[in-house]
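These protein sequence lines map, in sequence, to chains A and B.
Using this note's numbering, the letters of the first sequence correspond one by one to residues 1 to 205.
Using this note's numbering, the letters of the second sequence correspond one by one to residues 1 to 205.
Glycine included, C-beta positions come from ideal geometry on N, C-alpha and C.
Protein chains: 2
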Amino acid sequence: MGVSERKAKEKEELKSRILQAAKKLFVEKGIDQTTIRNIANEIEYSVGTVYVYYKDKNDILHDLHSQGFKQLGGEMKVLFNVADPMERLKALGKTYLSFALENPDMYDLMFTLKGPMDFLESMHQEEWNEGKGTFDVLRSTVNQCMETGHFSGHQLEPLSFAIWSTVHGMASLHNSQRVKGVNFEDPNTILMKAYEEFVKIIDRE
Amino acid sequence: MGVSERKAKEKEELKSRILQAAKKLFVEKGIDQTTIRNIANEIEYSVGTVYVYYKDKNDILHDLHSQGFKQLGGEMKVLFNVADPMERLKALGKTYLSFALENPDMYDLMFTLKGPMDFLESMHQEEWNEGKGTFDVLRSTVNQCMETGHFSGHQLEPLSFAIWSTVHGMASLHNSQRVKGVNFEDPNTILMKAYEEFVKIIDRE
DNA sequence: AAATAAAATGAACACTGTTCATTTTATCAA
DNA sequence: TTGATAAAATGAACAGTGTTCATTTTATTT
Chain A
1 MGVSERKAKE KEELKSRILQ AAKKLFVEKG IDQTTIRNIA NEIEYSVGTV
51 YVYYKDKNDI LHDLHSQGFK QLGGEMKVLF NVADPMERLK ALGKTYLSFA
101 LENPDMYDLM FTLKGPMDFL ESMHQEEWNE GKGTFDVLRS TVNQCMETGH
151 FSGHQLEPLS FAIWSTVHGM ASLHNSQRVK GVNFEDPNTI LMKAYEEFVK
201 IIDRE
Chain B
1 MGVSERKAKE KEELKSRILQ AAKKLFVEKG IDQTTIRNIA NEIEYSVGTV
51 YVYYKDKNDI LHDLHSQGFK QLGGEMKVLF NVADPMERLK ALGKTYLSFA
101 LENPDMYDLM FTLKGPMDFL ESMHQEEWNE GKGTFDVLRS TVNQCMETGH
151 FSGHQLEPLS FAIWSTVHGM ASLHNSQRVK GVNFEDPNTI LMKAYEEFVK
201 IIDRE
């Protein structure tokens with residue numbers, strides 16, 4: 001049946017248009033300044049149509065959050081070429097931080113806002129596959145670092161978590177406007193300098 | 001004049017009652033589930049009255065954020081007794097992290113939510129004194145660590161920022177439900193283990 | 001061309017933060 | 001005590017939000 005296939009494709013396409021409109025408006029005027037009516041208006045459909053394709057606003061937030069993880073995952077995959085695990089670890093951190101600074105709204109959606117997580121819960125889906133997948137990349141890299149003699153005396157899981165926390169903390173403080181309140185240098189500069197201090201420390205491990 | 005003094009005191013008192021009602025409701029049912037009408041109801045006044053004492057909701061959020069910093073500041077002051085700066089630094093981190101885990105809503109208000117910062121901006125008050133004061137405690141401690149031979153080859157400001165980021169990152173990931181999505185241990189346990197890894201690392205510095 | 005299924009609609013609902021003309025209460029002077 | 005004045009409290013009204021769902025429009029099949 002060619003008709004139902006075409007219909008499925010059209011549905012997928014309109015859903016994707018809704019998502020891209022949402023992303024555009026989020027970046028343009030912020031997530032909580034973007035309403036369902038705005039999104040509907042952007043694609044020239046009615047409010048009701050948005051609810052045909054998405055359960056609720058959190059559904060949209062979660063879908064966009066997943067898209068963000070695909071992008072970040074793609075940028076991280078490039079670094080699989082880096083043979084030395086320690087070099088790869090440092091590069092991963094830099095990539096992660098750059099992603100956060102360049103896509104603050106997306107980063108918020110992926111790692112701070114409740115919306116996407118509330119959606120998972122409402123679907124009785126307890127697994128956060130996107131987060132787990134990304135953390136796996138970090139953990140396996142740290143594991144290889146340990147296998148090549150680094151981080152001796154450390155525990156893999158908590159250490160990986162501490163490293164994640166460090167870069168996430170930088171991104172998060174920057175994103176929530178807490179950096180500029182404390183230091184009057186350009187926030188991006190102080191952030192990158194802080195990352196350099198982090199690199200100095202783990203370079204000795 | 002005794003009358004105007006008494007009036008000023010009464011005003012101060014009612015304002016404080018509004019704040020405490022807000023805090024109670026925030027903890028009970030979450031910040032964005034708490035409405036001005038809820039708060040007014042809690043103290044048995046009308047909505048309008050709340051707006052006599054607070055400019056808007058962000059004003060309340062900011063006031064509560066300041067109260068949180070007073071509490072955290074108090075808990076940190078206790079550690080001034082610890083003579084060795086390195087020991088003090090580690091204790092500061094633990095106190096900071098414990099505060100975040102025990103007062104998640106307050107921590108959110110202090111270090112994540114836009115509300116309090118938006119209020120400052122709306123008041124044309126560019127300085128974030130609460131954050132600066134707290135960061136000063138960390139920086140001066142790190143400075144003393146460096147003066148006693150630790151962290152050689154590091155820069156004070158970015159290093160302090162990196163340390164802040166590490167503990168904030170732990171608190172933030174926990175607070176936004178991202179820890180339990182990735183690791184099925186008790187989130188508090190993995191968090192404390194991660195902090196121990198952090199301690200191991202800076203103990204070598 | 002009629003019957004059926006699928007998709008899109010937008011008015012309506014219950015809620016939000018916020019305003020401000022009006023009412024109530026307290027203070028002070030005659 | 002009374003009337004004038006100032007201060008404080010009020011809540012209806014406004015413009016906005018996310019969400020629902022009976023109704024209408026469009027497309028497909030018979």
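By the C-beta criterion, the region 148 to 155 of chain A is judged not to be in contact with the region 72 to 79 of chain A, since fewer than 3 inter-stretch pairs fall below 8 Å. Looking from the CA of residue 198 of chain B, the closest CA among B:110, B:162 and B:84 belongs to B:162. Scanning its chain for C-beta atoms nearer than 7 Å, with the 5 sequence neighbours on each side dropped, one finds around residue 50 of chain A the residues 18, 36, 39 and 40, in chain order. Distance from the CA of residue 21 of chain B to the CA of residue 182 of chain B, rounded to the nearest whole angstrom, comes to 35 Å. In the three-state scheme derived from DSSP, where H, G and I count as helix and E and B as strand, residue 200 of chain A is classed as helix.
Given a length threshold of 4 residues, each whole run of the alpha helix (DSSP H) inside the region 10 to 51 of chain A is given here in chain order: 36 to 42. Secondary structure at residue 143 of chain A: helix, using DSSP grouped into helix, strand and coil. Going by C-alpha positions, residue 170 of chain B is about 32 Å away from residue 16 of chain B. If you check the CB distance, residue 172 of chain A and residue 140 of chain B do not come in under 7 Å. Counted as a single uninterrupted DSSP element, the alpha helix (DSSP H) harbouring residue 121 of chain B occupies residues 115 to 122. Not a single CB atom of chain B sits nearer than 7 Å to the CB of residue 33 of chain A.
Residue environment: residue 110 of chain B is assigned as buried (16 or more neighbouring CB atoms within 10 Å of its CB, all protein chains considered). Between the alpha carbons of residue 148 of chain A and residue 202 of chain B lies a distance of about 21 Å. What residue 158 of chain A touches in chain B, judged by beta-carbon distance under 8 Å, is 190, 193, 194, 196 and 197, going in chain order. Annotation for residue 63 of chain A: the continuous alpha helix (DSSP H) segment containing it runs 57 to 77.
Under the three-state reduction of DSSP output, residue 94 of chain B falls in the helix class.
Of all alpha-carbon atoms in B:61, B:89, B:71 and B:4, the one lying nearest the alpha-carbon of residue 200 of chain B is that of B:89. Scanning chain B for C-beta atoms nearer than 8 Å to the C-beta of residue 176 of chain A yields 111, 112, 113, 114 and 117, reported in chain order. Shown here, residue 103 of chain A sits in coil according to DSSP, grouped into three states, outside any helix or strand.
Nearest to residue 52 of chain B by alpha-carbon distance, out of B:123, B:14 and B:125, is B:14.
Nearest neighbour of residue 146 of chain A by Cα position, chosen from A:178, A:135 and A:160, turns out to be A:160. Secondary structure of residue 126 of chain B (DSSP, three-state): coil. Close to chain B, meaning a Cβ-Cβ distance shorter than 8 Å, are the following residues of the region 134 to 162 of chain A: 135, 153, 154, 155, 157, 158, 159, 161 and 162. Between the C-alpha atoms of residue 33 of chain A and residue 121 of chain B there is a straight-line separation of about 17 Å. In the structure shown, the three-state DSSP call for residue 180 of chain B is coil. The Cβ-Cβ distance between residue 97 of chain B and residue 195 of chain B falls below 7 Å. For residue 167 of chain A and residue 44 of chain A, the gap between their C-alpha atoms comes out near 40 Å. Of the residues B:7, B:205 and B:144, the one whose Cα lies closest to the Cα of residue 82 of chain B is B:144. Annotated three-state conformation of residue 83 of chain A is coil, per DSSP. Closest in alpha carbon position to residue 165 of chain A, among B:180, B:191, B:125 and B:158, is B:191. In this structure, the straight-line span from the alpha carbon of residue 188 of chain A to that of residue 131 of chain B is close to 18 Å.
Taking a Cβ-Cβ threshold of 9 Å, none of the residues of chain B is close to residue 62 of chain A; the smallest such distance is about 12 Å. A residue is called buried once 16 or more other Cβ atoms fall within 10 Å of its Cβ, and residue 26 of chain B is buried on that count. For residue 169 of chain A, the nearest CB of chain B lies under 7 Å from its own CB, placing it at the interface with that chain.
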